[in-house]
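The opening position of the sequence shown corresponds to residue 56 in this note's numbering, with each subsequent residue numbered one higher.
Glycine is no exception: its CB is placed at the ideal position from the N, C-alpha and C atoms.
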Amino acid sequence: MAPARRDHTAHRISSAAETTLHVGDVLEAFLGQQVRGKLGTAAGLTSDDDALAFWKMSRHDFDEVRIRLHLTSRIGPYHRNVDRFRDVSIDVFLFGSDVDINRVAVAVENLFSLFRTNIFYRHSRYYNVPGVNSMKNEEEEKNSGQSSVDRRKFLQMAASTAAMVGSSSTALSAQQSTPARPDVAGNDTGALPPVRAGSDFMLDVIKSLGFEYVAANPGSSYRSLHESTINYGMNRNPELLTCLHEEAAVAIAHGYFKIEGKPMAVYAYSTVGLQHAAMAVYSAYCDRVPVVLFVGNDTDAMKRVSRTDIVHTAQDPVAIVRDFTKWDDAPASHGHFAESAVRAYKIAMTPPTLPVVLSVDKYLQELPVPEGANLHIPKLSPTLPPQGDSAAVKEIAKMLVNAEFPVLVVERAARTPAGLKYLVELAELLEAAVVDSIQRMNFPSRHPLNQNDGRGPDLSVISEADVILALEHPLLQSVVYAGGEEGSPSRSRLKPGAKVFSISSLDLFTRSNYQDFGRYQEVDMALAADAEATLPLLIEEVKRLITGDRRRVIEARGAKLAAAHQRRMERTRVRATYGWDDSPISTARIALELWAQIKNKDWSLVSRSDAMAGWPHRFWKFEKYYHHIGQSGSVAIGYSAPASVGAALANRKYGRLSINLQHDGDLMYLPGVLWTAAHHRIPMLTIMHNNRAYNTEVMQVQQIAGQHHRDIGRCRIGTAIEDPNIDYSKLAQSMGWYAEGPITDPKELGPAIRRALAVVEKGQPALLDAVTQPI
56 MAPARRDHTA HRISSAAETT LHVGDVLEAF LGQQVRGKLG TAAGLTSDDD ALAFWKMSRH
116 DFDEVRIRLH LTSRIGPYHR NVDRFRDVSI DVFLFGSDVD INRVAVAVEN LFSLFRTNIF
176 YRHSRYYNVP GVNSMKNEEE EKNSGQSSVD RRKFLQMAAS TAAMVGSSST ALSAQQSTPA
236 RPDVAGNDTG ALPPVRAGSD FMLDVIKSLG FEYVAANPGS SYRSLHESTI NYGMNRNPEL
296 LTCLHEEAAV AIAHGYFKIE GKPMAVYAYS TVGLQHAAMA VYSAYCDRVP VVLFVGNDTD
356 AMKRVSRTDI VHTAQDPVAI VRDFTKWDDA PASHGHFAES AVRAYKIAMT PPTLPVVLSV
416 DKYLQELPVP EGANLHIPKL SPTLPPQGDS AAVKEIAKML VNAEFPVLVV ERAARTPAGL
476 KYLVELAELL EAAVVDSIQR MNFPSRHPLN QNDGRGPDLS VISEADVILA LEHPLLQSVV
536 YAGGEEGSPS RSRLKPGAKV FSISSLDLFT RSNYQDFGRY QEVDMALAAD AEATLPLLIE
596 EVKRLITGDR RRVIEARGAK LAAAHQRRME RTRVRATYGW DDSPISTARI ALELWAQIKN
656 KDWSLVSRSD AMAGWPHRFW KFEKYYHHIG QSGSVAIGYS APASVGAALA NRKYGRLSIN
716 LQHDGDLMYL PGVLWTAAHH RIPMLTIMHN NRAYNTEVMQ VQQIAGQHHR DIGRCRIGTA
776 IEDPNIDYSK LAQSMGWYAE GPITDPKELG PAIRRALAVV EKGQPALLDA VTQPI
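In structure tokens form, the structure reads like this:
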């Protein structure tokens, strides 16, 4: 480069830096007058979260350049501005075609490093942050007058040196042949070592908790955590799942837990992202599912520059979900983050298991970890679930063994596969009727003691019971009482003298605003304990108390219950024949056609357990814990599609066949999850329950119209999903799925299922759009 041009460039840089260290101004000066107009336009339109794009200019031979520089950020140690120049793929960049711009960038960066503590910290957003100031040693304080080098003089020297580097292409060529140092392995030759960002340490903490996946829709408030996950963590443990909506991200984590038994992490954007996620957080709360959310936030008003910064920030962003989460925190330092993250995981996984949230400052993520910082990741020490009082357990066991007709009422009794095993053992010891709400895989569906026929539990046994034990049941009053809907009088189902006991961890944690618990039910004894943890004690005490004479009474009771179960099955078989050959297709036929082809496979129903009007639960043999994942908890639309993707992801490593019986209206809340499943190669078979309406709401409006003596024929207005009909097969195909449909002829269903299963068994998702009867 000619000396005159070199001096001119240095002068422009130093002039820009004299009044400000604004990156955009310095960069503009560095590029020179010829691109000033376009750069100015870009700077005026680009926010802190956007990349600065330079257009292809023939005279400079740009290769569609994109320099990821944040225009509103000031130079600081956390933001290696000059080092970012090495990402520019340019043959000619002011200095001439014989210059390697990477070497120029390194030279300038090295000069910046010499003065960073003295000059740049004073213009850094972190200049007064504890831990960063400590990097200034006593000698620097003593010589502060000397070390405060004139900024214009320093930057003139920096720019001149960079230009001088460009004048010696021979020397640069020789340097390019030198092997990379070990400390910069993985980067371009000559690049500086990566900054040890705060988000790197945060990721170390997240890794220590054993997360396999983190679900996220990208957002700038956690951009540093995002980058650390994919580069520092190499996108492994956790692997980032790309989601197209925050609600989908949380619901995917919801479904994943119900198969895998451990939580998934979620990254969410502050304010607007958490608002999107709130519905799914509420479903997880109602369903007692732990999800660990990391929500980015920009807490310091002095750092908010763009409109995006301002309107996407809150003093307390977690307030919107605090009423339906178990715990939250806003760490103020890296060490604080480590403790809070481990604490959050521990709290989330302690029964009752529930969502937790950490609000993580955006710039705390980007702030480098000071060299020599003694940061510690606490060891996770899981809390053992609380067991019931031994004396109380003995009393309950005695009442159950001596009962003439004991009944077990269960909702979320089985937290793990062990809970399912314990409940079966207890029920068989007592030959007790089991009233299961199928909110979890609590009890085998075809077991003769099971009183649920797929449409709901048979509550007639409550009136026969003399002892009732409720396990993790928040709605016990609705089981014990009949009626009471919409102001009608209620009546007790209990016979005189019946005893009611409960074991529930819900008594240990109750919120007030969102009341996901039922009316208050009087019980004779309530144990505030985890039901699954207490069952082994109860089982051992029941075994001890059963005598030979009592065993004969118990066996006779079991025979009667088995006979009643068989009669229900026979009635169900008859009902299944109704409309068998009709079009649209009956939900019973879909369930049985599918069962015929999967019953000998290792399958898992990953949608709501009451899908297809409950027909799977009437005929399929649900025996293993992963055979179904229960309900949504909140009874909300929009849960099933993403939750099924999360559950199918958990099933993938075990080679299980994941089945999603998908309601049409539910899918349209979050159709983007189809893309997520295809993108991440999550195999699953989805069969649409396409009745072209929100049919429950159709019936609700019809009921009210009848009460008002009005036309029920108009009740599809506002509730039907038709005109036009949605083609779910084309929707799925557009997102990378194998799909067929719409299928209206029931005779075509079996062959279509066979073809779709063949695709799924090859590791891909498949969808069949079955047009169903309005039920």
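Apart from the 5 residues on each side of it in sequence, LEU430 sits with its Cβ closer than 8 Å to the Cβ of PHE256, HIS389, GLY390, ALA393, VAL424 in its chain, given in chain order.
By the Cβ criterion, the segment 409 to 429 is not in contact with the segment 438 to 447, since fewer than three pairs of Cβ atoms, one from each stretch, lie closer than 8 Å.
Taking GLY773 as the centre and dropping the five residues before and after it, the same chain places no C-beta closer than 7 Å to its C-beta. For HIS718, the secondary structure class from DSSP, reduced to helix, strand or coil, is strand. Straight-line spacing of the CA atoms in SER500 and GLY427 works out to 59 Å. Note on geometry: alpha-carbon atoms of ASP766 and GLN757 lie some 8 Å from one another.
Counting only runs of 4+ residues, the alpha helix (DSSP H) found wholly inside the segment 726 to 814 occupies 728 to 734, 750 to 762, 783 to 789, in chain order.
As a beta-bridge residue in DSSP terms, VAL350 pairs with ALA323, SER414.
Selection THR741, PRO293, ALA304 evaluated against HIS718 yields THR741 as nearest (Cα-Cα).
Assigned with DSSP and collapsed to three states, LEU590 falls in helix. The three-state secondary structure of GLY538, taken from DSSP, is strand. Here GLY720 has ILE692, ALA748, TYR749, ILE776 as same chain residues with Cβ atoms under 8 Å from its own Cβ, once five neighbours each way along the sequence are excluded. Separation of SER641 and VAL826 (C-alpha to C-alpha, rounded to the nearest whole angstrom) is 9 Å. Taken in chain order, the whole alpha helix (DSSP H) runs of length 4 or more contained in the segment 508 to 573 are 531 to 535.
When rounded, the separation of the alpha-carbon atoms in LYS817 and PRO472 is 28 Å. Between LEU485 and the set ASP378, ARG606, GLN576, ARG566, the nearest pair of CA atoms involves ARG606.
DSSP places TYR633 outside both helix and strand once states are collapsed to three, so it counts as coil. With respect to the 9 Å criterion, LEU478 and ALA488 are not classified as neighbours on the basis of their beta carbons.
C-alpha of PRO779 to C-alpha of GLU577: approximately 52 Å in a straight line. It is roughly 46 Å from the alpha-carbon of ASP508 to the alpha-carbon of GLY351. Per the DSSP secondary-structure output, GLU294 pairs in a beta bridge with TYR268. Cα atoms of LEU660 and VAL360: separation of roughly 49 Å, rounded to the nearest angstrom. Of the candidates HIS309, TYR340, PRO273, PRO273 places its Cα closest to the Cα of VAL327. In terms of Cα proximity to ALA369, the closest of ILE594, ALA586, SER325 is SER325.
Taking 8 Å as the upper bound for CB-CB distance, ILE402 and ALA705 are not in contact here, some 22 Å apart. ILE830 places its beta carbon 9 Å or farther from that of ASP665. Excluding the 5 residues flanking it on each side, THR408 has same chain C-beta neighbours closer than 6 Å at ARG343, PRO345, in chain order. Annotation for ALA643: the continuous alpha helix (DSSP H) segment containing it runs 642 to 653. Annotation: the continuous alpha helix (DSSP H) that includes PRO697 extends over 695 to 707.
In the assembly as shown, TRP670 is a buried residue. Its beta-carbon has 16 or more other beta-carbons within 10 Å. For MET580, the enclosing beta strand (DSSP E) has its first and last residue at 580 to 583. Between VAL464 and ILE432, the C-beta gap is not smaller than 9 Å, which leaves the two residues out of contact. With contacts defined by Cβ atoms closer than 9 Å, LEU264 and THR284 do not form a contacting pair.
Listed as beta-bridge partners of VAL489 by DSSP are LEU463, ASN505. For a cut-off of 8 Å, the C-beta gap from SER662 to GLN420 is around 36 Å, too long to register as a contact. Rounded to the nearest whole angstrom, the C-alpha separation of ASP637 and LYS802 is 10 Å.
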